[in-house]
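Visitor: What follows is a single structure, and I will ask about it in a moment.
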Amino acid sequence: MNRSELIAAAATRTGLTADQVEQALHGIQSAITEAISAGERVSLTGFLTLEVVQRSAREGRNPKTGESLTIPARKAVKVSAGQALKRAAADS
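All residue numbers for the sequence shown refer to my numbering, where the first residue is 75 and numbers rise by one.
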């Protein structure tokens, strides 16, 4: 399902117009992006949790040349599925 399919499905389920759903989705994306950039954890209970984690530096290898290299430490977004989402995936 892509963005436009998601918007159409949400519009059908909620009775809102596609434009209203798109505005709401944009607002949700903005709020989540702001929270993550501020280092906050975003939790939608039963659905998913997003949080910033620190990845340690590690050794890697260039697959083309086999040369060893150091992959620097960095921050990343960790996505964890909630129980309802896990059950939905297991039942599919």
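Glycine is no exception: its CB is placed at the ideal position from the N, C-alpha and C atoms. Here the structure is a predicted model, which is why all the values come from computation and not from measurement.
Put SER130 into one of helix, strand or coil per three-state DSSP.
Guide: Here the question's residue 130 lines up with position 56 in the sequence shown. The answer is coil: DSSP assigns SER130 none of H, G, I, E or B.
Visitor: Just curious, the alpha helix (DSSP H) that LYS149 is in, first and last residue?
Guide: Translated into positions along the sequence shown, residue 149 becomes position 75. Where LYS149 is concerned, there is no enclosing alpha helix (DSSP H), although the beta strand (DSSP E) it sits in stretches over 148-155.
Visitor: Give the range of the beta strand (DSSP E) segment to which LEU80 is assigned.
Guide: Here residue 80 corresponds to residue number 6 of the sequence shown, with the count starting at 1. Where LEU80 is concerned, there is no enclosing beta strand (DSSP E), although the alpha helix (DSSP H) it sits in stretches over 77-88.
Visitor: Do VAL127 and ILE110 have their C-beta atoms closer together than 8 Å?
Guide: As a working note, residue 127 is residue 53 in the sequence shown. As a working note, residue 110 is residue 36 in the sequence shown. No; because the gap between Cβ atoms is not below 8 Å, this pair is not in contact.
Visitor: Terminal residues of the continuous alpha helix (DSSP H) containing SER104?
Guide: Counted from its first residue, the sequence shown places residue 104 at position 30. Note, SER104: alpha helix (DSSP H), 92-111.
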